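Q:
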Amino acid sequence: MNRMFGNLSMRWKVVSIVVLISALVLMVSSIVMVVSDMGTMKRNLKDHVTALARVASINSAGALAFRDPDTAYEVLRAIGSEPEILSIQLRTIEGKIFATYKTYSPRHRDLLDEINRREANRWDTAERFSEATTTEFYPEYLDMDMPIKLNGKLIGYMDLQYSTDALQERMIKQLELTLMVFLGGIGLAFLLAIRLHRFISAPITNMAKAMEDTATRQDFSVRIKADTGDEISTLVDAFNRMLEQIEMRDTALCEAKEAAEAGSRAKSQFLAAMSHEIRTPMNGIIGMTELLRNTSLDGRQRHFTDTIQNSADTLLNILNDILDFSKIEAGRLDLECVDINLPELLESTAELLAENAHAKGLSLTTLVSPELPALLRGDPGRLQQILTNLLSNAIKFTETGSIHLTARCLEEKEKEVVLLLEVIDSGIGLTQEETERIFENFTQADASTTRKYGGTGLGLTITRQLVELMGGNITVRSTPGQGSVFGVTLHLQKQPESARQAAPALPALRILVIMKDLWAQENLFQQLTSWGQDVVCAADFSAAMNLTAQETEQPAAFDIILLEQLQLPLPNSPEAESLSRMLKHSMGIILIGRIGIESSAPPGWEDACFITSPVTQKALRACILEIEKTTSTSLDEEHDPVRSYQLGLNILVAEDNLVNQEVTLSMLEVLGCHTTTCLNGQEVLDILEQDSFDLILMDCEMPVMDGYEATRRIRTREREEGSDHLPIIALTAHALDQDRDRALESGMDDYLSKPFKLDELARILAPVARSRSALA
323 MNRMFGNLSM RWKVVSIVVL ISALVLMVSS IVMVVSDMGT MKRNLKDHVT ALARVASINS
383 AGALAFRDPD TAYEVLRAIG SEPEILSIQL RTIEGKIFAT YKTYSPRHRD LLDEINRREA
443 NRWDTAERFS EATTTEFYPE YLDMDMPIKL NGKLIGYMDL QYSTDALQER MIKQLELTLM
503 VFLGGIGLAF LLAIRLHRFI SAPITNMAKA MEDTATRQDF SVRIKADTGD EISTLVDAFN
563 RMLEQIEMRD TALCEAKEAA EAGSRAKSQF LAAMSHEIRT PMNGIIGMTE LLRNTSLDGR
623 QRHFTDTIQN SADTLLNILN DILDFSKIEA GRLDLECVDI NLPELLESTA ELLAENAHAK
683 GLSLTTLVSP ELPALLRGDP GRLQQILTNL LSNAIKFTET GSIHLTARCL EEKEKEVVLL
743 LEVIDSGIGL TQEETERIFE NFTQADASTT RKYGGTGLGL TITRQLVELM GGNITVRSTP
803 GQGSVFGVTL HLQKQPESAR QAAPALPALR ILVIMKDLWA QENLFQQLTS WGQDVVCAAD
863 FSAAMNLTAQ ETEQPAAFDI ILLEQLQLPL PNSPEAESLS RMLKHSMGII LIGRIGIESS
923 APPGWEDACF ITSPVTQKAL RACILEIEKT TSTSLDEEHD PVRSYQLGLN ILVAEDNLVN
983 QEVTLSMLEV LGCHTTTCLN GQEVLDILEQ DSFDLILMDC EMPVMDGYEA TRRIRTRERE
1043 EGSDHLPIIA LTAHALDQDR DRALESGMDD YLSKPFKLDE LARILAPVAR SRSALA
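Everything in the sequence shown is counted per the working numbering, starting at 323 for the first residue and increasing by one.
Shown next as structure tokens:
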């Protein structure tokens, strides 16, 4: 019923309901009337036929008693003069036909044959005959059996068949008349409903139109006039009162919205100003500390500089967290979608934090499932930020044991991968109550004044918001005293096949891995076997000796040996002699040291390849290729790329802050650059009139003329004079995306946010140096 009327307008609902009710009433009335009239017609016919049969039985009783069939026939023929009588049989008491009459109408011939067969069968098969009058209606005739009595004694039976054609014609006419009345009644009800529906539908229609206009124009001052005093008038009054309340509430909400937007703008301006003001002295602190660490220091002095560096980095991370939280809250954080090598991203993230983990005596390993596609698309910076936050928390809240970063594929589609990243630690764990509120803003598991672990409580909040912005979700499972598992589920696109570059193939080698940490052992096993290597693993040197006791009797039992530096045997020990024998039959050995603790191979093992844990695929592949080429290459240069830079650029530095100016000049001196300094944009223009430079490092906010205006004038001069393009790098303490966009729109070529480090400055200057070398 709801489906039938749900989409109709109010007008047609009223009309339909009136017509439907009228139709039901008329239909019931018509059915009752037709059934009653048909019953009356049948009773009248039955009474008429009974009268005829009684007259015939009385008149034929004498003929039947004296066995005079001719007289009986004459009586029957006289009765049969009525056209509707089909046949009459006068039967004896035994049921035998004594006399009979049949109509002479040819249209009833077939019917008479059927009647004769039916009556003969009925009378022949009956065991006894009823002494009461019986009547039975058949589709085309009425059959009546009446006993004939003389002086109260049964002497025979009268069997009469009467046509019902006339009865059926009267019934059909009655049905036609009833149908005409039914249709006429429905038509009249329809016309009345059409005329009268406006009393109900018009007010409701007006109210619906007012609602639609209000929703479209957002004008809540509209009011509807009620002309009646019924329930619809009550509904209209209630609607008007609701509009009045909405109007008042809307006014209040608009005022609150304007106040909130003004507050949000003020907060954004405050955060931007705060970021600039804090980053400016932070650049001096971090830069000077880094330069100081590169000088000759005793142990106590290096401890002090390390403390300053770590404190500055912590303060900078807090500042970045606050800015990220503000941008996410304001909905202004945009995500990239670029190519990602997922294993390399995970390994580089773990490598950044490995030193902190090893300093606490923790092992940090990565384990990537071989089934997970390595080349994906997403935002690598934000993904690394998520993993860094989770790993930093794991290191902070874990005193002993290990931390593992794992990645596996949950579902792989044609163009998309659903992956699960998990950070597993053996730390202090969380209670159920703590896990429920751990992702709330500025919330920590331990918020008491005696808490052991510091922090703002923003890291996990930002992590959750970043994961949700990337279309994923984050979960946590934890048991107090046993550790926690943070899981991040993400949907990342696959890189097109055409964009994927195959890595250089490795020769098939037999490799022995000796690692105590089972997770690290499993990671190396998966990496090497995925490259087609034959790998044997052992937990310690003794197990490896037992495993290879028989195999070393053959030449080249293992091509390469991977060994933790911690497990190197003491010189002149039996284990050292066993290792020497193994190395005689191998191509080389790879020593795995702890980053931040072992920085190179120990004395006596200078020919060994040295890498640090957590072992990255890139470093491991490079070692295998180097050993296979029988060359020994130190990888130390990769850990300190700045020292290899001698750029030789002539650079103009525009910086009004003297501390930052000194930091920048000192870093450029380390990079082998010649520098000229100035304090504002006008001085930049004046110096460019007299001298030429390879590049300008331009502070954006300076007195007299800022960096933006100076850059625009330099670009205008280049267009007017047709001179070569001068690279300009923005140096600014502003760190928002719109600040970068503003710098690029003014004509600057790149952007470096303060505080910056020596290697960051080197990387941004290197392309200019290479370009100048190519031109030379």
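Note that the Cβ used here is the ideal one computed from N, Cα and C, for glycine as well. Computed from a prediction, not measured in an experiment: that's the story for all the values here.
1. May I have the straight-line CA-CA distance separating Gln876 from Ser685, to the nearest angstrom?
2. Count the other C-beta atoms from every protein chain shown that fall within 10 angstroms of the C-beta of Ser956, then say buried if there are 16 or more, exposed otherwise.
3. Assuming the contact rule is C-beta atoms closer than 8 Å, Glu886 and Ile833 should be a hit. Round their C-beta distance to whole Å, please.
4. How would you call Pro802, buried or exposed, if buried means at least 16 neighbouring beta carbons within 10 angstroms?
5. Buried or exposed: where does Cys1022 fall if 16 or more other Cβ atoms within 10 Å of its Cβ makes it buried?
6. Between Arg730, Val798 and Val739, which has its C-alpha nearest Thr757's C-alpha?
7. Are the region 886–898 and the region 713–731 touching by the rule of at least three beta carbon pairs closer than 8 Å?
8. Ends of the beta strand (DSSP E) at Leu1048?
9. Answer with buried or exposed for Asn616, where buried requires no fewer than 16 other C-beta atoms within 10 angstroms of its C-beta.
10. Provide the residue(s) that pair with Pro413 in DSSP beta bridges, ordered along the chain.
11. Where do the ends of the alpha helix (DSSP H) carrying Met468 lie?
12. With DSSP collapsed to three states, give me the class of Ala930.
13. I need the boundaries of the alpha helix (DSSP H) containing Leu892, first residue and last residue.
14. Please classify Ala767: does DSSP put it in a helix, a strand, or coil?
15. Which same chain residues end up closer than 7 Å to Asp1112 when comparing Cβ atoms and leaving out the 5 residues on each side of it in sequence?
16. Hey, how far is the Cα of Leu482 from the Cα of Ala373?
17. Quick check on Glu406: does DSSP put it in helix, strand or coil?
18. If you check the beta carbons only, do Ala679 and Ile717 fall under 8 Å apart?
19. Quick one: give me the first and last residue of the alpha helix (DSSP H) that Glu790 is part of.
20. Tell me which same chain residues have a C-beta within less than 7 Å of the C-beta of Val857, skipping the five on either side of it?
21. Shortest alpha-carbon distance to Ala930 belongs to which of Arg444, Ile882, Val975 and Asp559?
22. For Ala676, count the other beta carbons within 10 Å of its own beta carbon; 16 or more makes it buried, fewer makes it exposed. Which is it?
23. By DSSP, does Asn979 sit in helix, in strand, or in coil?
24. Can you tell me whether DSSP reads Lys531 as helix, strand or coil?
25. Ser895: which of Ala879, His907, Ser864 and Gly910 sits nearest, CA to CA?
26. Taking the beta carbon of Asp1061 as the centre, do at least 16 other beta carbons fall within 10 Å, making it buried, or is it exposed?
27. Have a look at the DSSP bridge pairing and note the partners of Thr500.
28. State buried or exposed for Gln983, treating a residue as buried only when at least 16 other CB atoms are found within 10 Å of its CB.
29. Run through the DSSP bridge pairs and tell me what Met1020 is partnered with.
30. Please specify which runs of the alpha helix (DSSP H), each continuous and at least 4 residues long, are wholly inside the region 824–858, giving them in chain order.
31. Tell me whether the beta-carbon of Arg699 lies closer than 8 Å to the beta-carbon of Val660.
32. Any chance the region 386–401 sits against the region 492–499, with 3 or more Cβ pairs inside 8 Å?
33. Here's the rule: buried if 16 or more other CB atoms are within 10 angstroms of the residue's CB, otherwise exposed. What is Ser800?
34. Look at the Cβ atom of Leu348, then the Cβ atom of Ile508, and state whether they are nearer than 8 Å.
35. In the DSSP assignment, what residue or residues form a beta bridge with Lys424?
36. Answer yes or no: do Arg376 and Met466 have a C-beta to C-beta separation smaller than 8 Å?
A: Checking against the coordinates, here is how it stands:
1. Residue placement at Gln876 cannot be trusted, given a pLDDT of 47 that sits under 50; what the coordinates show is reported in the next sentence. Their backbone Cα atoms lie some 35 Å apart in a straight line.
2. Reliability of the predicted coordinates at Ser956 is poor, the pLDDT of 37 falling under 50, and the value obtained from them is presented with this limitation in mind. With fewer than 16 Cβ atoms within 10 Å of its Cβ, Ser956 is classed as exposed.
3. Ile833 and Glu886 do not touch by the CB rule: their CB atoms are close to 14 Å apart, not below 8 Å.
4. exposed
5. buried
6. Val798
7. Counting Cβ pairs under 8 Å, fewer than three are found: no touch.
8. Where Leu1048 is concerned, there is no enclosing beta strand (DSSP E), given that its DSSP letter is neither H nor E.
9. exposed
10. As written in the sequence, residue 413 is Arg, which differs from the Pro given in the question. DSSP output for Arg413 lists Ile419 and Tyr479 as bridge partner(s).
11. Note, Met468: premise wrong, no alpha helix (DSSP H); beta strand (DSSP E) at Tyr463 to Leu472.
12. coil
13. Here Leu892 belongs to no alpha helix (DSSP H), and DSSP marks it neither H nor E.
14. Interpretation of Ala767 is limited by its pLDDT of 49, a score under 50 that renders its predicted location unreliable; the figure taken from the coordinates is listed afterwards. Ala767: coil per DSSP, three-state reduction.
15. The structure shown does not extend to residue 1112, since the chain is modelled only from 323 to 1098, so the question has no answer here.
16. 11 Å
17. coil
18. yes
19. Gly781 to Leu791
20. Cβ contact annotation for Val857 (same chain, cutoff 7 Å, sequence separation greater than five): Ile833, Val835, Phe847, Leu850 and Thr851, in chain order.
21. Out of Arg444, Ile882, Val975 and Asp559, Ile882 has the C-alpha closest to the C-alpha of Ala930.
22. buried
23. coil
24. helix
25. A check of alpha carbon separations from Ser895 across Ala879, His907, Ser864 and Gly910 identifies Ser864 as the nearest.
26. buried
27. According to DSSP, which records beta bridges pairwise, Thr500 is partnered with nothing at all.
28. buried
29. Ala976 and Ala1052
30. 840–852
31. Judged by beta-carbon spacing, Val660 lies within the 8 Å limit of Arg699, meaning their Cβ atoms are closer than that value.
32. no
33. buried
34. yes
35. Ser409
36. no
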